[in-house]
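Asker: Input: one structure, supplied below.
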Amino acid sequence: MPVIQLNSDAEVAPALQACGEDLVVIDFFATWCGPCQRIAPAVETMSNKYPNVRFFKVDVDVCRETKTAFRIRAMPTFVFVKNTRSIDTLSGADPAALEAKIREHLAGGNGAAAGAPVSDSLVPGQWKLNRFINMQQTEVLNLHEESKAEALAADDSSLVRSDADEQLILSLGLSQPVRIHSLRIKAPADGRAPMTVKLFVNPLATPDFDSVEDASPVQTLTFSPDDVKEGVPKALEFVKFQNVNTLAIFIEDNQGGEDETAFSYLELIGSTRDATNMKDFKRVAGEAGEAHS
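Quick note on UniProt numbering: the sequence shown kicks off at 1 and runs consecutively.
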């Protein structure tokens with residue numbers, strides 16, 4: 001996830017409030033500060049390595065009230081925030097110290113050892129990737145007029161429903177390349193829940209229903225009633241989903257042979273391409289995946 005620069009004092013409070021319980025790192029910098037410029041690439045790398053952490057930049061010469069509120073006296077200073085409250089600070093351009101602080105706060109309170117894989121998903125060592133779904137580059141075919149595409153990535157009671165028949169095509173554009181480890185779907189227990197789901201990686205354009213019927217998917221998943229009731233993560237063939245910019249999902253049928261398919265939540269689970277090496281991930285099951293030839 002990119003580092004977001006906040007360009008006025010008025011932007012700061014809403015940005016922090018929108019992060020909820022996520023760990024936030026604010027990089028207080030100055031354009032004339034040499035150490036700030038030197039550590040900036042490392043901060044950008046960490047923002048991709050830790051997708052469950054929100055990173056912001058604040059220019060102290062532009063956002064003077066924010067600088068005063070956080071008592072910033074030297075640059076760069078990194079302020080760690082949770083639930084809109086400052087919980088820690090770190091001054092100086094030391095990437096190792098910054099990453100150690102990030103790991104410390106991610107691991108804090110859950111008994112995990114500092115530096116251990118931390119995640120916000122149901123799969124240890126993997127992350128929710130829905131924050132990387134770019135809705136402006138996302139398309140849903142055969143979507144019911146009362147449904148909104150945005151509902152597919154929102155874990156709430158709103159439903160994504162098919163229209164003319166039971167089939168749906170979801171073309172998910174991603175804001176950066178990701179590795180997808182697993183897929184979750186939550187749906188009502190009334191027969192409308194998806195059953196056969198076919199996945200296509202990086203199609204040149206949103207496929208239509210004729211093309212997905214004829215094409216060979218990268219992987220086909222079959223969801224049981226319990227899978228969709230509990231939102232059980234379905235593991236993918238990880239080596240085939242290592243560099244995903246667009247994921248096309250063809251929902252072919254549903255559990256009860258109903259005319260309409262409906263689900264309340266779809267979750268991609270994995271990591272960004274700039275995250276730690278695959279050998280450093282904590283695996284959930286099976287043997288280590290083979291590398292691409």
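By construction, the Cβ of each residue, glycine as well, lies at the ideal position given by its N, Cα and C atoms.
1) How far does the beta strand (DSSP E) with isoleucine 249 in it extend, from its first residue to its last?
2) What did DSSP end up calling leucine 221 once you bin it into helix, strand or coil?
3) Considering only residues of the same chain and omitting the five flanking positions on each side of residue 295, which have a CB-CB separation below 6 Å?
4) Check whether the segment 51–66 and the segment 183–197 touch, using three or more Cβ-Cβ pairs below 8 Å as the test.
5) Where does phenylalanine 132 fall in DSSP's three states?
6) Determine the DSSP secondary structure at phenylalanine 241, reduced to helix, strand or coil.
7) If we require 3 or more residues per run, which beta strand (DSSP E) segments fall completely within the UniProt domain "Thioredoxin" (1–107)?
8) If histidine 181 and phenylalanine 238 are in contact, beta carbons under 8 Å, what's the gap, nearest whole angstrom?
9) Is the Cβ-Cβ distance between alanine 189 and lysine 229 less than 8 Å?
10) Let me check understanding here. Comparing Cα to Cα, which of Ile87, Thr77 and Ala107 lies closest to aspartate 94?
11) How far does the beta strand (DSSP E) with glutamate 267 in it reach, from first residue to last?
12) Does DSSP put valine 123 in a helix, in a strand, or in coil?
13) Just verifying my parser: in three-state terms, what is the DSSP assignment at glycine 109?
14) What is the rounded straight-line gap between the Cα of arginine 38 and the Cα of isoleucine 269?
15) When the Cα atoms are used, what is the spatial distance from alanine 154 to phenylalanine 209?
16) Measuring straight from C-alpha to C-alpha, what distance separates tyrosine 50 and phenylalanine 223?
17) Answer with buried or exposed for methionine 135, where buried requires no fewer than 16 other C-beta atoms within 10 angstroms of its C-beta.
18) Can you tell which of Glu252, Arg273, Ala235 and Asp259 has the C-alpha that lies nearest to the C-alpha of glutamate 267?
19) Taking a contact to mean a Cβ-Cβ separation below 8 Å, would you say valine 79 touches valine 53 in this structure?
Answerer: Taking the geometry as given:
1) Isoleucine 249 -> beta strand (DSSP E) spans 244–251.
2) strand
3) Outside the modelled stretch of the chain, which goes from 1 to 293, sits residue 295, for which no answer is possible.
4) no
5) helix
6) coil
7) 4–6, 23–29, 53–59, 77–82 and 85–91
8) 6 Å
9) yes
10) Of Ile87, Thr77 and Ala107, the residue nearest in Cα terms is Thr77.
11) Unbroken beta strand (DSSP E) run through glutamate 267: 265–272.
12) coil
13) For glycine 109, the pLDDT reaches just 42, beneath the cut-off of 50, and the residue's location in the model is therefore unreliable, although a value from the coordinates is still provided. It is coil, neither helix nor strand.
14) Answer to the nearest angstrom: the Cα atoms are 32 Å apart.
15) In a straight line, the C-alpha of alanine 154 is about 25 Å away from that of phenylalanine 209.
16) Our two residues, tyrosine 50 and phenylalanine 223, have alpha carbons roughly 30 Å apart in a direct line.
17) It is exposed - the Cβ of methionine 135 has fewer than 16 other Cβ atoms within 10 Å.
18) Ala235
19) In this structure, valine 53 does not lie closer than 8 Å to valine 79 by Cβ.
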